[in-house]
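Colleague: Take a look at the following structure, please.
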Amino acid sequence: MEEGKKWLIVISIGVVLTIALVVFYNSSDTKRLAPAEVREYQGKKLSSVEDFRENSIKGVQHINISDYTLEIIGAVENPKSYTYEEVLEKQNYEKVVTLDCVEGWSATILWKGVLVRDLLDEVEAGENAKEVIFYAYDGYSTAFPLVYFYDKDIIMAYEMNEVTVLPERGFPFVLVSEDKWGYKWIKWITKIEISDEVGYEGFWESRGYAREGNLNESFFA
Ligand SMILES: Nc1nc2c(c(=O)[nH]1)N[C@H]1C(S)=C(S)[C@@H](COP(=O)(O)O)O[C@H]1N2
Ligand SMILES: [Mo]
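Mapping to our numbering: the sequence shown position 50 is 50, numbers consecutive.
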């Protein structure tokens, strides 16, 4: 064989081997995909986490989880401050609940999180405690009678349809205010205050919406 042809073969083999190695290494690398949400639960069709209308008072909030804390304070024996991880370590619960906005749309989601009742028990609400006020990162707030959390199993959620709550849906925590209008489902929760007084008016409540916000009643106060 002439010298030139030999070299051509050697180079060709080299090129083919290099391509083969590159293909092999790339294919053996696991590609991480975004987790897919579940859209059915126990035979029930679920809405998508995208089926919401984003019209929050100050737009989407982006909370930096490394300096986030959840404060639980007020008329309690043991005020607490939890990191995101500490909340996730608690007993979790899941439940399908529908959110109904006063604008006329709704979304049915599989929610997962902690029971607000468990949080209240940990801080030991005082004997005269009557209301629980939730505050959010965007300045939003809303209040509930303390008994609401003992009459019903109310979840403070960190997952929707088995995916971590998105920033636009209220990451890290959103309240699943079952049987109440959407404006009671506070997102981006930062603080929970237990109060001896009755009558706190949150963002929409101080603008004419009903304090109770029950779905079976008008939302006008
Ligand atoms: N912090 C905060 N939570 C909030 C709101 C808000 O503006 N800020 N809007 C409320 C309203 S009116 C509704 S209907 C629900 C669902 O809102 P979304 O569709 O924007 O997720 O979130 C509620 N929680
Ligand atoms: Mo709403």
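Even for Gly, the Cβ is constructed at its ideal location relative to N, Cα and C.
By Cβ distance, which residues of its chain are closer than 7 Å to G213, with the 5 residues on each side in sequence left out?
Modeller: K180, W181, Y183, K184, F219, listed in sequence order.
Colleague: Does DSSP classify V114 as helix, strand or coil?
Modeller: Under the three-state reduction of DSSP, V114 is assigned to strand.
Colleague: Taking a contact to mean a Cβ-Cβ separation below 9 Å, would you say W188 touches A157 in this structure?
Modeller: no
Colleague: With a threshold of 7 Å on Cβ separation, who are the neighbours of K44 within its own chain once the five nearest residues in sequence on each side are excluded?
Modeller: V96
Colleague: Would you kindly report the start and end of the unbroken alpha helix (DSSP H) that includes D151?
Modeller: Where D151 is concerned, the enclosing alpha helix (DSSP H) stretches over 148-151.
Colleague: Got a sec? Which residues, its chain only, sit under 8 Å from G126 by beta carbon, not counting five neighbours each side?
Modeller: A75, V76, E77, I194, D196
Colleague: Pop quiz: V38 and N161 are said to be a contact at Cβ under 8 Å. What is the actual Cβ separation, rounded to whole angstroms?
Modeller: 5 Å
Colleague: Can you tell me which of E178, Y84, I57, S56 puts its alpha carbon nearest to the alpha carbon of T69?
Modeller: Y84
Colleague: For F149, I'd like the list of residues in its chain whose CB is within less than 7 Å of its CB, leaving aside the five on either flank, ordered along the chain.
Modeller: V116, R117, L120, V132
Colleague: Rounded to a whole number of angstroms, what is the C-alpha to C-alpha distance between Y82 and L146?
Modeller: 21 Å
Colleague: For G74, does the three-state DSSP call read helix, strand or coil?
Modeller: In this structure, G74 counts as strand in the three-state DSSP scheme.
Colleague: Among the residues of its own chain, which have a CB less than 7 Å from the CB of K80, if the five just before and after it don't count?
Modeller: Result list for K80: I72, E122, V123, in chain order.
Colleague: Taking the beta carbon of L99 as the centre, do at least 16 other beta carbons fall within 10 Å, making it buried, or is it exposed?
Modeller: buried
Colleague: Quick one: using the 10 Å Cβ neighbour count with 16 as the cut-off for buried, is R207 buried or exposed?
Modeller: It counts as exposed.
Colleague: Apply the 10 Å Cβ neighbour rule to G33 and answer buried if 16 or more other Cβ atoms are within range, or exposed otherwise.
Modeller: Checking the sequence, you will find Leu at residue 33 rather than Gly. So L33 counts as exposed.
Colleague: Going along the chain, which residues of its own chain have a beta-carbon closer than 6 Å to the beta-carbon of K191, five neighbours each way excluded?
Modeller: E71, Y135
Colleague: Exposed or buried, T30, counting other C-beta atoms within 10 Å across all chains shown (16 or more means buried)?
Modeller: exposed
Colleague: Across which residues does DSSP place V163 in a beta bridge pair?
Modeller: M160
Colleague: Between the beta-carbon of V87 and the beta-carbon of L166, is there less than 9 Å?
Modeller: No, these two residues do not count as a Cβ contact at 9 Å.
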